[in-house]
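Residue numbers (this note's numbering), protein chains in the order written: chain S, 2 to 260; chain D, 2 to 260.
What follows is one structure encoded as structure tokens, with my remarks underneath.
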């Protein structure tokens, strides 16, 4: 298990199972609610810094177990999305958001151009460069990875409960997402929906758009409702349930192409 | 004139005018026929290493003058396309080609997976990371660049003369390319053609696909027949002729959106 690619970027990006030979590459952009000391608290109290606005609770646990089960590399971030949301382009207001749901982020209200560039250079680029390196090295030897990003979402949004439990989201190519939807419906008891609670139109497929779509890689973004992965036991159970879903979905896509 | 981003990557990527505030960002992937000593001669004689298969003769001169005229940053490569073609994905046979036109490349005949990964890590990634950084830093402050890649092509291909003098090639979004075609026809005496002598179907729009299309940046790939830019005077004259073409084309696109 190589973790040789983290190096000086360890605060921003972590790579686990870097040499794992499985077909998938797992990505978790919102793995951590860590705010590096240089950014203080962004003006938020401790509760806000632990809330779903700061990260995707449970996502890293699910991603790690999936990576283990699927013998896949895992690329995950070490910085809160409130400092820089790695699943948004640097031009987006949402990359360094001033408000998330009902929380105002004081430390993001008056960012200078220099501050926006600094966060982009210090957080966005090391993360996406490291992810690109993993992908490019695999492509170079004829084993292009299948990109799977792991997210979680809050069961209540602006006071309204969400019924969806497992959201499956695609960028330009829906092939893998549709296969995952079919397998998840067949193999799990989850309320599974395509392009819910978000879709590409909401700008949430940035990582897929940047890394999978240009290379024609199969890809999918998975969103798990975070009340279903609220502790390590639940995270493991969810990942163990999704493992055969992903494997079967990939087989289905591959057979389709071969047929 | 900032060259502050080259650093240890100087052999692979060079950035000129890094802080220039113009709307364009000029890229020249095939600027150099330099083969780093570690790669020897790739088994080629001196004539082959100077031929169009090794680089795009004249392209860097045109790109430099355009960057100067347009107050634009210029990102150009310092390594021959025969070692790694930066306008091809790492999965492509053409990234480390075994044959180019009628030239066989002995040093590329039996590349191990490790050798392909090494070239990808040492050449592809530093170049594209540096280009991505330039783009991302500009996007972060709300001034997304317009990407223009500068290439040249040989007047004779497999013994057949080519009539086209100025080729204008697009990836997914044809807007800027069509505007450049219209302005070039109106403002130059060149034989101008859209998607000739190559098009996206030939896999030549990799840089646009990787850097412009995912971000929705306006972009175009320009191909100049190399007999028209065979010395520094001709390069300068070509660039001076194309400068108002690019400016007018961008204005036309912008007005279209505003209208």
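Virtual Cβ for every residue (Gly too), placed ideally from N, Cα, C.
Chain D partners of residue i, CB-CB under 8 angstroms?
{"i": "residue 255/S", "result": "Correct list: empty, because the minimum Cβ distance to chain D is about 17 angstroms."}
Between residue i and chain C, is any beta-carbon pair separated by less than 8 angstroms?
{"i": "residue 211/S", "result": "Of the protein chains in the structure, S and D, none is chain C."}
For a contact defined as C-beta to C-beta under 7 angstroms, what are the partners of residue i on chain S?
{"i": "residue 142/D", "result": "114, 117 and 118"}
{"i": "residue 145/D", "result": "92"}
{"i": "residue 214/D", "result": "215"}
Expressed to the nearest angstrom, what Euclidean distance is found between the alpha-carbon atoms of residue i and residue j?
{"i": "residue 11/S", "j": "residue 79/S", "result": "For residue 11/S, the predicted structure reports a pLDDT of 47, less than 50, and the residue's modelled location is therefore unreliable. The matter cannot be settled from this model."}
{"i": "residue 162/D", "j": "residue 70/D", "result": "32 angstroms"}
{"i": "residue 138/D", "j": "residue 44/D", "result": "40 angstroms"}
{"i": "residue 253/D", "j": "residue 148/D", "result": "16 angstroms"}
{"i": "residue 250/S", "j": "residue 241/S", "result": "15 angstroms"}
{"i": "residue 262/S", "j": "residue 113/S", "result": "No answer is possible for residue 262/S: the residues shown for chain S start at 2 and end at 260."}
{"i": "residue 94/D", "j": "residue 111/D", "result": "12 angstroms"}
{"i": "residue 239/S", "j": "residue 40/D", "result": "49 angstroms"}
{"i": "residue 27/S", "j": "residue 67/S", "result": "8 angstroms"}
{"i": "residue 209/S", "j": "residue 87/D", "result": "22 angstroms"}
{"i": "residue 187/D", "j": "residue 115/D", "result": "50 angstroms"}
{"i": "residue 6/S", "j": "residue 16/S", "result": "For residue 6/S, the predicted structure reports a pLDDT of 41, less than 50, and the residue's modelled location is therefore unreliable. The matter cannot be settled from this model."}
{"i": "residue 22/D", "j": "residue 144/D", "result": "9 angstroms"}
{"i": "residue 221/D", "j": "residue 172/D", "result": "8 angstroms"}
{"i": "residue 217/S", "j": "residue 90/D", "result": "10 angstroms"}
{"i": "residue 189/S", "j": "residue 158/D", "result": "58 angstroms"}
{"i": "residue 264/S", "j": "residue 227/S", "result": "Residue 264/S falls outside the range modelled here, since chain S spans only 2 to 260, and no answer is possible."}
{"i": "residue 20/S", "j": "residue 219/D", "result": "37 angstroms"}
{"i": "residue 14/D", "j": "residue 61/D", "result": "13 angstroms"}
{"i": "residue 156/S", "j": "residue 57/S", "result": "12 angstroms"}
{"i": "residue 65/D", "j": "residue 225/S", "result": "50 angstroms"}
{"i": "residue 136/D", "j": "residue 234/S", "result": "42 angstroms"}
{"i": "residue 183/S", "j": "residue 232/S", "result": "27 angstroms"}
{"i": "residue 81/S", "j": "residue 106/S", "result": "12 angstroms"}
{"i": "residue 164/S", "j": "residue 181/D", "result": "50 angstroms"}
{"i": "residue 85/D", "j": "residue 51/D", "result": "16 angstroms"}
{"i": "residue 47/S", "j": "residue 38/S", "result": "14 angstroms"}
Give me the chain S residues within the contact set of residue i, using Cβ-Cβ distance strictly less than 9 angstroms, ordered along the chain.
{"i": "residue 177/D", "result": "The contacting residues do not exist; residue 177/D stays about 18 angstroms from chain S at best."}
Return yes when the Cβ of residue j is within less than 8 angstroms of the Cβ of residue i, no when it is not.
{"i": "residue 53/S", "j": "residue 152/S", "result": "no"}
{"i": "residue 195/S", "j": "residue 178/S", "result": "yes"}
{"i": "residue 169/S", "j": "residue 63/S", "result": "no"}
{"i": "residue 75/S", "j": "residue 18/S", "result": "yes"}
{"i": "residue 128/D", "j": "residue 73/D", "result": "no"}
{"i": "residue 191/S", "j": "residue 167/S", "result": "yes"}
{"i": "residue 236/S", "j": "residue 108/S", "result": "no"}
{"i": "residue 77/D", "j": "residue 126/S", "result": "no"}
{"i": "residue 36/D", "j": "residue 83/D", "result": "yes"}
{"i": "residue 215/D", "j": "residue 211/S", "result": "yes"}
{"i": "residue 141/S", "j": "residue 200/D", "result": "no"}
{"i": "residue 49/S", "j": "residue 104/S", "result": "yes"}
{"i": "residue 223/S", "j": "residue 150/S", "result": "yes"}
{"i": "residue 130/D", "j": "residue 174/S", "result": "no"}
In chain D, which residues lie with their C-beta within 7 angstroms of the C-beta of residue i?
{"i": "residue 121/S", "result": "137, 138 and 141"}
Problem - Three CB pairs or more closer than 8 angstroms across the segment 117-124 of chain D and the segment 87-102 of chain S - result: The answer is no - the segment 87-102 of chain S does not touch the segment 117-124 of chain D, with fewer than three Cβ pairs under 8 angstroms.
Handout entry: Three CB pairs or more closer than 8 angstroms across the segment 236-245 of chain D and the segment 197-210 of chain D
Key = Look at the beta carbons and you see the segment 236-245 of chain D not touching the segment 197-210 of chain D: under three pairs across the two are nearer than 8 angstroms.
Exercise for the section: Pull out every residue of the segment 125-139 of chain D whose Cβ sits closer than 8 angstroms to any Cβ of chain S, in chain order. Expected result: 125, 126, 129, 130, 133, 134, 137 and 138
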